[in-house]
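Letter by letter, the sequence shown follows residues 1 to 690 in the numbering used here.
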Amino acid sequence: MEVFWKFLDGVNGILWHNLVLYIILAVGVLFTFWSGFCQYRALTHGFALVRGNYDDKSDPGAINHFQALSTALSGTVGLGNIAGVSVAVALGGPGAVFWMWIVGMVGMALKLTEVTQSMLYRDTSDPDNPKGGPMWVCRKGFAKISPALAPLGIIVGGIFCVTVLISTITGGNMFQAWNVAEITKTYYPSIPPEACGIVLAVLTGLVIIGGIKRIGSVTGRLVPFMCALYLLAALVVLGMNIQAIPGMFVLIFKSALPPWLGGANVDPTGAFLGGTFGYAFLWGMKRALFSNEAGQGSSPIAHSAAKTDEPAREGIVAGLEPFIDTLVVCTITALVVLSTGAWNRDAASQFDAAPNVIIGNTVVAELAEAPAFTIENGRASIAPINLPEKKLPADPRDARSEPSDWKAREAVMLVATLTHEDSQTPVYIVGKVSKDNNTWRAEFDDVDVPEGTLVVPTTLRAGEEPAWIPDVTVPVAKSPNAARISNVWRPNDGVLVIARGEFNKQTGRELGWMNGSIKQDKDDQSLYISWLPRPSKLPPTIDDPGLYMDLKGAALTGHAFDRAVPGLGQWVVTLACWLFALSTIIAWSYYGEQAVVFLLGKAAVMPYKIVYCLAVVVATFPFIKTDAQLDSLTALGTGVMLFANIPIMLIFGRQAMAAYRDYNRRLKSGEIKGHAAPPITDVVEGKDVQ
C-alpha cells in the first residue's frame, strides 16, 4: 500500500500541477466572456426551466429538466460538500473558500458549455435510454468535421470513458462509502465499517437496476429533501454563531490573496497547521472542482437524458449546478466549520509534557548475531544474511504488526549506531528480501560511514526508511468541555499530535500531524493509543503537549455541528452523509454505466453494476488512513477526467457557444415562449412530461 500511495502522489503531482489549475481557470473565464456572462441567464431563466415552464411531452428524452438537474446534483451535492470542504479548510485554510467561490462562478460557464455540446450530439435512438456525454461528442463531432477523423473520435471518446470509470470508482464510489463509514464509526464505534458498505451497496443496487428513469425518480425526491435538511441544520448553527460570521468573511478574503495584494498567511493555531496563499488556491480549486465537477464531463451524461429539443436550454439548467453546489452548499459548510472553531480546534486533552518520538518501524526478526560488515573508503558493506522466522509483534495488541510470511522484495532495515568521539548518530541500512534455494535472505545496500565506530544491531525492522511514533501510549482523559461536545475517549476514536519536521507538501509548512487511534486491550479493557508511523529521514519533534481529535473529512463537519449543539452532528450530519453519499453513488453508477456501454456495449452493463456495488463494500475496508490518502484517491479521478474533457470542450466550444447565443437571441426576441408552470408535485415526479 505504501508503494500504491506514493504512485498516486506522483501521478497527482502531474495532474494537479499549478499550471493545470491556471489552464482550467482560464478556460472557465474564456467561456464566461464568450457567452456574454451566461451566469446571469442561468440564475434567471434557469429557474423557470427547472420549474417546468418550458417542459414539453413531445420533446425527445426520458426525464424532465428538474429530474435531470436533480440527477446531476445528486452526483455533485454529496460528500464533496460535507467532507471535501472540510479537507480544503483543514489543509488550505480559510482562503480555500474564496477560490471555491471563483471555481463555482467560472464553473457555471464550464457546465453550460459541456452540457450544450453533449445535447448537440446525444443519441436518442432509444427514447427510454438516451445516451450522451463527451464520448458521443467525440464520436459524432470528429466524424462531422471530416469522415477521416471518425476513428480518432472513437479513440478519444474511449479514452474519456476510461477516465470516467476511474473517477466513478474513486470519487463517485469509494470516497463516498469511505466517508460514510468514517463518520458512522466516529459516532457509533460499535458499527463495523464493512456493515455500512454492505447497506450502501444493497440500497444502490435496488435503485440502479431500474435504469435512468428510476434514478431520476429517486434523486428527484431525495436531493431536495437532503439539501433542505442539511441547510436547515446549518442555518441553526450559523444563527448561534452569527457574531463570528463577519470576521470569517474577512479571514477568507485576507488569507485567499497573496501578500502583495494585501493578503496574509494564516498562522498555525490549535489543530490547524497554518496556510499560505498558494495552498489556499490549490485546495480551493481541487476541492471545488471535485465537488461541482465543472469541466469533468460527468454531468452532461445525466443531462443528456432530459426531454428537450433545445440543446442550449439544458446547458442553462446545468449552469445552476455549480451555483447550488459550491456557492450555496459548500459555502454554508465552510462557514459552519470556520465559525464554530472546528478547523483550528483546541486539544481534547493535554499530556504532562510534549511527547518524544521513537522509531516506529515494526520489529520483524531478531538475528542470532549481528551481520558482518566491512568498511572501505568511507563505505560500509553489510554481508547478506539468512532470515529466521518472522518475529511476533512486540505489542500483541497492535494489529498493524501481525506476523506473516516473508515476501519477495520486502523492505527491511537495520538501525545501526555510529559513534564518533562523544556523539552517536543513527545509520539506517536498508535491505531487500529474496528467496534462494528455499531460504529467505536479506541483502543490504552500502551506506556512507564517516569517521567513527559502527555498531550493527541484531534487531531487524520493517520498512525502507525510518518511521516515527510518539512515545506515549496511554490517552489522557478529555477536558470537560471536549467530553461535553464529543463524549469521552472510545475505542476506534482517531487522535493526533502536532509535530515539526520535514516539509509538508500538503500545507507548505514544516508542521504535520502524527496520527493514531484509540484501542482497547482485550484482557483488562484499558484504552491505549496505536500510532501510525510517520516516515521521515530525520526524527520530527513535538512541542505541543496536546492530544487532538483526528477528524477526517465529514467527521470534522460533524464535529463543527456538535460544537454548536452537542449531538446535532451525530444525527443530522450522519444522516446527511448517508443520503448525500447514496445519491452520489447512484448518480455516478449511471455515468460509469454509460462509459461501459460506449466501450463494451449493453451486455457488459449488468457485470459492471455488480462490480460497482462490490466496490462500495471494498471501500469501507481500512486501507485509507489519513486525509492525504483520501485526497490522493479522489484527486486521481477528478484529474484524469479534466485532462480528457477540457480539450474536448475547447475543440467543440464554438458550436456550443453558437447554439447558446442563438437560443439567447430567440429568447430575448420573444420567439421562444413558455407556459404556465405545472403543479410542483408533477414536476418532481416527472408527470408533466409523461
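Every residue, glycine too, gets a C-beta built ideally from N, C-alpha and C. Note that this is a predicted model, so its numbers are computed, not measured.
> Is His-693 helix, strand or coil when you go by DSSP?
Replying inline: Within the shown structure, residues of the chain are numbered from 1 to 690, placing residue 693 beyond reach of any answer.
>> Please give me, in chain order, every unbroken run of the beta strand (DSSP E) with length at least 3 that falls completely inside the segment 417–441.
In response: The segment 417–441 contains these whole beta strand (DSSP E) runs: 423–436.
>> Quick check on this structure: which residue in Cys-330, Phe-4, Gly-270 and Thr-459 has the alpha carbon closest to the alpha carbon of Gly-80?
In response: Among Cys-330, Phe-4, Gly-270 and Thr-459, the Cα nearest to that of Gly-80 belongs to Cys-330.
> Under 8 Å, do Glu-182 and Val-617 count as touching if we go by C-beta distance?
Replying inline: no
>> Buried or exposed, going by whether 16 or more other CB atoms sit within 10 Å of the CB of Gln-525?
In response: exposed
> Just how far apart, CA to CA, sit Arg-509 and Val-266?
Replying inline: Taking the straight line joining both Cα atoms gives about 11 Å.
> Could you give the uninterrupted runs of the alpha helix (DSSP H) lying entirely in the segment 221–259, keeping only those of 4 residues or more?
Replying inline: Fully enclosed alpha helix (DSSP H) runs of 4 or longer: 245–256.
>> Can you tell me whether Leu-367 is helix, strand or coil according to DSSP?
In response: coil
>> Taking the beta carbon of Ala-26 as the centre, do at least 16 other beta carbons fall within 10 Å, making it buried, or is it exposed?
In response: exposed
> Should Gly-295 and Leu-110 be called a contact, given that it needs their Cβ atoms to be closer than 8 Å?
Replying inline: In contact: Gly-295 and Leu-110 (Cβ atoms closer than 8 Å).
> So is Ser-146 buried or exposed if we call it buried at 16+ other beta carbons inside 10 Å?
Replying inline: exposed
> Nearest-angstrom Cα distance between Ala-256 and Ala-234?
Replying inline: 24 Å
> In terms of alpha-carbon separation, which member of Val-597, Leu-496 and Ala-244 lies closest to Lys-552?
Replying inline: Leu-496
>> I'd like to know whether the C-beta atoms of Thr-634 and Thr-71 end up nearer to each other than 8 Å.
In response: Cβ distance not < 8 Å, so Thr-634 and Thr-71 don't count as in contact.
> Quick one: what's got a C-beta closer than 7 Å to Ile-316's C-beta in the same chain, skipping five residues either side?
Replying inline: Taken in chain order, the residues that qualify are Arg-41, Ala-42, His-45, Gly-46, Leu-49 and Leu-112.
>> Does Gln-525 come out as helix, strand or coil in the three-state DSSP assignment?
In response: Coil at Gln-525, not helix or strand.
> Hey, does Ala-416 have any beta-carbon neighbour from chain C nearer than 8 Å?
Replying inline: Annotation note: the requested chain C is absent from the structure, which comprises a single protein chain.
> When DSSP builds the beta bridges, which residues end up paired with Glu-443?
Replying inline: Lys-432
>> Helix, strand or coil for Ala-587? Go by DSSP, reduced to three states.
In response: helix
>> Counting C-beta neighbours from all protein chains within 10 Å, is the total for His-65 16 or more, i.e. buried, or is it exposed?
In response: Buried, since its Cβ has 16 or more Cβ neighbours within 10 Å.
> With 16 other CB atoms within 10 Å as the buried threshold, where does Met-657 fall?
Replying inline: Residue environment: Met-657 is assigned as buried (16 or more neighbouring CB atoms within 10 Å of its CB, all protein chains considered).
>> Determine whether the beta carbon atoms of Gln-117 and Val-137 lie at a separation below 8 Å.
In response: yes
>> Judging by CA-CA distance, which residue of Trp-588, Ile-102, Arg-665 and Phe-643 is the nearest neighbour of Phe-323?
In response: Ile-102
> Rounded to the nearest angstrom, how far is the Cβ of Asp-493 from that of Ile-518, given a contact under 8 Å?
Replying inline: Yes, Asp-493 and Ile-518 are in contact; Cβ-Cβ is about 4 Å, under 8 Å.
> For Trp-571, does the three-state DSSP call read helix, strand or coil?
Replying inline: helix
>> Let's see if you can read the secondary structure: which residues bound the alpha helix (DSSP H) around Ser-486?
In response: 480–486
> In this structure, does DSSP put Tyr-187 in helix, strand or coil?
Replying inline: helix
>> Whole angstroms are fine: how far does the CA of Pro-268 sit from the CA of Leu-547?
In response: 16 Å
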